[in-house]
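Numbering-wise (this note's numbering), the sequence shown opens with residue 1008 and increments by one.
Virtual Cβ for every residue (Gly too), placed ideally from N, Cα, C.
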Amino acid sequence: MRRVTRVVIIGGGPGGYEAALVAAQLGGEVTLIDSDGIGGSAVLTDCVPSKTLIATAEVMTEVSESAELGIRFAGDLRVDLEAVNQRVLELAAAQSADIAERLAREQVTLLRGRGRLDGTEAVIATTEDGEQRLPADVTLIATGAHPRVLPDAVPDGERILTWTQVYGLTELPEKLIVVGSGVTGAEFAGAYSALGSEVALVSSRDRVLPHEDADAAQVLEDVFTRRGMQVLSRSRAQSVARDGDQVVVTLTDGRTVTGSHCLLAVGSIPNTDALGLAEAGVELDDGGFVKVDRVSRTSARGVYAAGDCTGVLMLASVAAMQGRIAMWHALGDRVGPLDLSVVSSNVFTAPEIATVGMNQQQADTAVPKVATVTLPLEGNARAKMQGIRDGFVKVFCLPVTGIIVGGVVVAPRASELIHPLAIAVAERLTVDQLAESFTVYPSISGSLAEAARRLHLHGQELRGS
Ligand SMILES: Cc1cc2nc3c(=O)[nH]c(=O)nc-3n(C[C@H](O)[C@H](O)[C@H](O)COP(=O)(O)OP(=O)(O)OC[C@H]3O[C@@H](n4cnc5c(N)ncnc54)[C@H](O)[C@@H]3O)c2cc1C
């Protein structure tokens, strides 16, 4: 008789819980240890809460920009932030409970506490009942990450906040200073601006979203500014201090910005301390992230890692896939290595920015040359009807074959519109195949098919060049 494989997972975020479901499905005896709540930061403090807050912000944006569509309302349009945050926290808690229930149904043993490796073949779980040693044939580290703070900008949970602390606010910040213009900073800056706060966005780079498509980032920065946000580019925050009911952000060039609240969005630090990793032979990189290969193996036999603690690509979807791959590999199922070139991701601003596959920078330097078409949405019939002016679709394809290798959508609900391009990139579909499929008239996705049609000719031009 085959001995059951004992799987112990440390961390109950998407990296951990998705792995647990796969391991249970494949007949493993699975124990999952989590210190802060099933669902991890993704469900309790990061993705789920922020996107729930943003759902309210989206409605505010739509309503406040609906005059052109003939909508008139008397009186103030106002957000009750206490009610919004209560909904956010309830929804996150319910989502966490749903996941815990599903895991229990699949016979996964859940332990509330902290886990650490005891060599490569056991894990020590510290719970309120004390310590227990759990023998393990396979271990997965999926401990996530926590917000980075600056030495001279220590959050107080009241007015100087990390993104995990904003849901305690009962009143809308009068003036919110967001430090950091990456995805998290841009999403919160956009959301609070839509909710009614005055917002200043402190960005150390030339433009917001320095790692996203430059054309998309420019659209967003223009929209932010048009809506009244103060975007301070090439401005690095040195310190953040309380001054009574105010916060003062001092920039490295000596300028100061004053507001009622400050949100720090300056990146994440992996949770890899005190896990017994070095003793077990698990190597970390210079940033403290666990080094893994494309099937999530660490440098120690039988020990896998997934999610933000690996720093591979800090997305819930990638964490989940790394966790599943680890278990498919460890438990002998069919498995392919993680392929980041097919990952789609989204910035939840208004408009949203969704991307998949090759980016503009890679396209510009690719050999052979990659063909690109960008279609602004202002020419799209549905966009005109809906009063949408900001945004575009962009498609990248290989010359000769016309295989789609990447794309960008900047539009409301771009997160939903990117899927045809994600399928095309994953399945190596050609622009002609995308162009020949029907789109609804009128629809924003019609612009995706139109871009593909235009690339048919562009591909020929490149062929001749
Ligand atoms: C504001 C914000 C918004 C985001 N929005 C999105 C989004 O919309 N879409 C998206 O794809 N990604 C989003 N992300 C990224 C996403 O949240 C992370 O990539 C995801 O949470 C990573 O999952 P994980 O399983 O690696 O870790 P986590 O979700 O962080 O879970 C790790 C868990 O392990 C626990 N843990 C840590 N150490 C131990 C220990 N020693 N013992 C036991 N338990 C331990 C932690 O408490 C935590 O519960 C967002 C991130 C932020 C900051």
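query, result
"Residue 1119, enclosing beta strand (DSSP E) - first and last residue", "1116–1124"
"Proximity test, residue 1059 beta-carbon vs ligand 1 heavy atom, cut-off 6 angstroms", "no"
"Supposed contact pair residue 1152 and residue 1276 - C-beta distance, whole angstroms, cut 8 angstroms", "6 angstroms"
"Sequence-distant residues of the same chain with beta carbon closer than 6 angstroms to residue 980, five excluded per side", "Residue 980 cannot be examined here, being either before or after the span of the chain that is shown, 1008 to 1472."
"Residue 1024, DSSP secondary structure in three states", "helix"
"Distance cut-off 6 angstroms: residue 1334 Cβ against heavy atoms of ligand 1", "no"
"Three-state secondary structure (DSSP) of residue 1131", "strand"
"Span of the alpha helix (DSSP H), counted from its first residue to its last, around residue 1275", "Residue 1275 -> not in any alpha helix (DSSP H); beta strand (DSSP E) instead, spanning 1275–1277."
"Proximal residues to residue 1313 (C-beta, below 7 angstroms), its chain only, five neighbours per side dropped", "1022, 1026, 1147, 1149, 1303, 1326, 1329, 1330, 1333"
"Proximity test, residue 1220 beta-carbon vs ligand 1 heavy atom, cut-off 6 angstroms", "no"
"Rounded separation between residue 1195 and residue 1309 - CA only", "39 angstroms"
"Cβ-based burial, residue 1305 [other Cβ within 10 Å; buried from 16]", "buried"
"Closer than 6 angstroms: residue 1038 CB and nearest ligand 1 heavy atom", "no"
"For residue 1447, the three-state DSSP class (helix, strand or coil)", "coil"
"Residue from 1337, 1307, 1210 whose Cα sits closest to the Cα of residue 1274", "1210"
"Outcome for residue 1336 when other beta-carbon atoms lying within 10 angstroms are tallied against a minimum of 16", "buried"
"Whole beta strand (DSSP E) elements within the segment 1327–1392, 3-residue minimum", "1351–1354, 1359–1364, 1378–1383"
"Close-in-space but distant-in-sequence residues of the same chain around residue 1178 (CB under 8 angstroms, 5 per side omitted)", "1088, 1089"
"Simplified DSSP assignment, three categories, for residue 1183", "strand"
"Range covered by the beta strand (DSSP E) that runs through residue 1206", "1205–1209"
"Range of the contiguous beta strand (DSSP E) that encloses residue 1221", "No beta strand (DSSP E) contains residue 1221, which is instead part of the alpha helix (DSSP H) from 1221–1233."
"Residue environment, residue 1018, which counts as buried when at least 16 other CB atoms sit within 10 Å", "buried"
"Candidates 1449, 1443, 1354, 1456: closest to residue 1420 by CA position", "1354"
"Start-to-end residues for the beta strand (DSSP E) that takes in residue 1401", "1399–1404"
"Nonlocal neighbours in the same chain, by C-beta distance under 7 angstroms from residue 1249, ignoring five residues either side", "1163, 1166, 1167"
"One or two residues paired with residue 1041 in a DSSP bridge", "1119"
"Near ligand 1: residue 1049 beta-carbon under 6 angstroms from a heavy atom", "yes"
"Contact between the segment 1240–1257 and the segment 1206–1223 (3+ Cβ pairs under 8 angstroms)", "yes"
"Range covered by the alpha helix (DSSP H) that runs through residue 1217", "First-last for residue 1217: undefined, no H or E at that position."
"Beta strand (DSSP E) runs contained entirely in the segment 1242–1300, provided each spans 3 or more residues", "1244–1250, 1253–1258, 1263–1266, 1268–1271, 1275–1277"
"Continuous beta strand (DSSP E) assignments of at least 3 residues falling wholly in the segment 1139–1181", "1145–1148, 1152–1154, 1167–1169"
"Closer than 6 angstroms: residue 1278 CB and nearest ligand 1 heavy atom", "yes"
"Opening and closing residue of the beta strand (DSSP E) in which residue 1055 lies", "Premise fails: residue 1055 lies in the alpha helix (DSSP H), 1054–1071, not in any beta strand (DSSP E)."
"Between the CA atoms of residue 1252 and residue 1172 - distance to the nearest angstrom", "17 angstroms"
"Start and end residues, beta strand (DSSP E) containing residue 1430", "Unbroken run through residue 1430 is the alpha helix (DSSP H), 1426–1434; no beta strand (DSSP E)."
"Proximity test, residue 1449 beta-carbon vs ligand 1 heavy atom, cut-off 6 angstroms", "no"
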